[in-house]
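First the structure, in the form of structure tokens, and then the observations on it.
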Amino acid sequence: MKMRSMLLDLTKLRERGLLYFLICVVAIGVFLRCINLDQKPYWLDESYTLLRVSGYSAQDVEKDLLNGQIIKAGDFLKYQTPSLEKGAIGTIAGLAKEEPQLPPLYFLVARVWAQCFGSSKFAMRSLSVIGSLLSFPVIYLLCLELFASSTIGWMAMALFAVSPINLRYAQEIRPYSFWLTLSLISFVLLLQAIRQPAKLKWGLYTLSIIMAFYCHLLTGLVMITQGLYVLCMERFRLTKTVMAYGAALGITIVCLLPWLSIVWLNGDIAAQTLAWTRLPMLPINLMQGAGTAISHIFFAWHLKYHYSFIYLAAPTLIFILYALYYLYSKAPVRVWLLILLTVGLTTLPFLFADLTLGGRRSLNERYFLVCHTMIFLAVAYLLTSKLAHQLPASRPHLWQWITILLLSGSLLSCSIGSLGRTWWGWSEFDVEIPSIIYKAPHPLIISDKSLAAILPFAKELQPQINMQLLSHVAPDRLDLPDGFSHIFLYNPSEHLLSLAKQQNIEPQLVYSFQDPATTNQFSLYQISSRI
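Residue 502 in the UniProt record's numbering is what sits at position 502 of the sequence shown, and the numbering runs on without skipping anything.
Laid out in structure tokens, this is it:
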């Protein structure tokens with residue numbers, strides 16, 4: 001009896017130690033989300049978010065700044081801060097005309113935020129951090145609904161807190177952190193409405209799914225998952241629960257009709273904007289990208305070590321599949337069915353499209369944030385269950401080491417990523433190229449690249465730097481203005497380089513960067529002094 005009491009005390013002590021450990025991991029994950037928000041350069045999507053927040057359109061910027069006139073880099077600031085003249089209507093109109101695949105909710109919230117706190121990197125990225133922090137209590141509540149276990153909830157939050165891919169998008173000026181939170185809220189409210197049916201609960205669920213839809217259209221996959229889950233749990237019978245879900249679905253569709261009609265009318269623009277996802281890739285490159293994406297759920301590194309993580313893909317995938325199998329074999333149907341359906345239905349459509357139609361849709365890690373979170377729930381269930389059987393032991397066992405190594409590896413990855421000057425090497429060129437240009441006392445930058453290539457680059461330059469942007473001029477000769485100590489060609493096209501050679505101008509390559517993940521080439525050429 002005394003021995004049994006000692007074992008129980010030891011078990012409670014170890015459970016408490018595990019809980020304290022998980023709380024520390026969560027706290028570190030929260031801290032890493034909040035630091036160095038203003039250090040990393042903008043990348044393309046973030047600069048376009050600021051453009052939408054301003055109320056101006058890409059066409060406005062191209063007409064005013066990409067016309068061959070010499071401008072200052074600071075002239076772009078007008079199109080990256082909220083315009084009182086354009087207002088929120090300008091934000092909605094810009095999305096509808098140029099990016100209809102993106103609903104307006106997040107961008108309107110971001111506009112209000114920018115008007116209140118400014119549109120600096122720190123201010124705008126702080127909004128995304130808030131969206132990510134809101135996911136923590138929602139994940140905990142979701143675990144309570146599914147597992148009725150606070151320990152699993154803390155384990156899932158710890159895995160989420162130090163996941164490199166989640167930390168990456170927790171700081172990005174895009175809708176993804178809020179979309180994930182709203183999607184998870186809809187899962188919690190759906191489970192509550194099924195468990196304790198009430199009009200209020202179904203109404204709150206409907207509101208959450210509508211808000212998630214107006215944050216990102218990928219919510220459609222989430223709602224399909226939830227609908228199939230309800231049908232399976234009710235054994236495809238027309239019960240009150242199925243009817244309540246049908247009513248929620250109908251109300252959601254009606255509320256979405258205004259934006260869905262915009263997507264329908266401007267579908268060709270949306271298709272053009274997303275054309276890069278349909279660009280073909282060699283099978284080996286697709287496999288490399290997929291392997292890296294799988295590894296990024298738990299581990300990530302700088303871009304120069306990008307493909308070294310492919311070797312972690314196989315063990316990571318095996319571990320995830322085992323966690324899902326363990327969940328299926330041990331958990332109740334209502335638990336494993338929801339998680340497996342979500343993982344499958346938010347992943348397989350992209351894989352199937354790439355395998356049958358070609359493209360790189362399945363490499364867009366941000367599309368799978370909901371899937372990743374459900375994987376964390378399955379892994380949390382696995383680790384917590386295994387640790388529970390080993391807690392009375394006097395020395396660490398296999399699953400304790402696995403838990404420590406998994407969380408430590410993720411934490412190390414997040415620390416390196418958070419403290420680095422870029423995310424895994426993304427936009428590395430936008431850090432290194434300005435440092436080269438600043439060595440010149442009075443430089444001029446000439447480029448014929450599109451706005452998409454210029455906008456994030458211009459944001460990283462000092463406001464007084466001179467630029468001449470030619471993408472909307474189509475020059476037949478390269479005219480070099482006088483009065484500048486150095487003239488640089490930023491990412492010049494073959495046409496621009498050929499014009500230089502025709503005029504016996506020999507630009508000297510001073511910087512070159514090739515992204516091995518996308519094969520994109522970035523370069524900077526220098527032309528001799530013209531003073």
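C-beta: ideal position from N, C-alpha, C; glycine also.
Query	Result
Contiguous alpha helix (DSSP H) assignments of at least 4 residues, all confined to the stretch 364 to 407	369 to 390
Residues bridged to residue 443 [DSSP beta-bridge criterion]	486
Per-residue DSSP class, three states only, for residue 530	Per-residue confidence for residue 530 stands at a pLDDT of 48, beneath the threshold of 50, marking its modelled position as unreliable; the derived number appears in the next sentence. Residue 530 falls in the coil class under three-state DSSP.
C-alpha distance - residue 137 paired with residue 406, whole-angstrom precision	22 Å
Beta-carbon proximity check, residue 96 vs residue 451, cutoff 8 Å	no
Burial state of residue 209 (16 or more Cβ within 10 Å)	buried
Span separating the alpha-carbon of residue 70 from that of residue 423	32 Å
Residue from 466, 102, 277 whose Cα sits closest to the Cα of residue 75	466
Residue 18 - DSSP class collapsed to helix/strand/coil	helix
DSSP state of residue 467 mapped onto helix, strand, coil	strand
contact_flag[the stretch 33 to 45, the stretch 155 to 175] where n(CB pairs < 8 Å) is 3 or more	yes
Where residue 438 sits in the DSSP three-state scheme	coil
Residue range of the unbroken beta strand (DSSP E) whose run includes residue 512	508 to 514
Neighbourhood of residue 532 by C-beta distance below 6 Å, restricted to the same chain and skipping five residues each side	Since the first and last residues shown for the chain are 1 and 531, residue 532 lies out of range.
Inside the UniProt domain "Glycosyltransferase RgtA/B/C/D-like" (103 to 260) only - alpha helix (DSSP H) runs reaching at least 4 residues	105 to 117, 121 to 133, 135 to 147, 150 to 161, 164 to 170, 176 to 195, 199 to 213, 219 to 233
Three-state secondary structure (DSSP) of residue 51	helix
Expected contact under 8 Å - CB spacing of residue 324 and residue 378 to nearest Å	5 Å
Neighbour-count burial assignment, residue 16, 16 or more Cβ in a 10 Å radius	exposed
8 Å Cβ shell around residue 249 - same chain, five flanking residues per side excluded	223, 227
For residue 524, three-class secondary structure by DSSP	strand
Residue 231 beta carbon less than 8 Å from that of residue 242	yes
Distance CB(residue 375)-CB(residue 318) smaller than 8 Å	no
Assigned secondary structure, residue 72 (DSSP; H/G/I helix, E/B strand, else coil)	strand
Rounded straight-line distance, which links the Cα of residue 80 to that of residue 199	43 Å
Member of 193, 282, 34 whose CA lies at the smallest distance from the CA of residue 131	34
Expected contact under 8 Å - CB spacing of residue 338 and residue 229 to nearest Å	5 Å
Three-way DSSP call (helix, strand, coil) for residue 82 in this model	coil
6 Å Cβ shell around residue 313 - same chain, five flanking residues per side excluded	291, 294, 295
Residue 363 versus 350, 371, 356, residue with shortest Cα-Cα distance	350
Whether residue 32 touches residue 408 by CB criterion (8 Å)	no
The alpha helix (DSSP H) enclosing residue 359, as first and last residue numbers	From DSSP, residue 359 is part of no alpha helix (DSSP H); its letter is neither H nor E.
From 380, 177, 85, 239, residue whose alpha carbon lies closest to that of residue 326	380
Same chain, Cβ closer than 7 Å to residue 505, five either side skipped, listed in chain order	478, 527
Straight-line gap, residue 458 to residue 73 (C-alpha atoms, nearest Å)	6 Å
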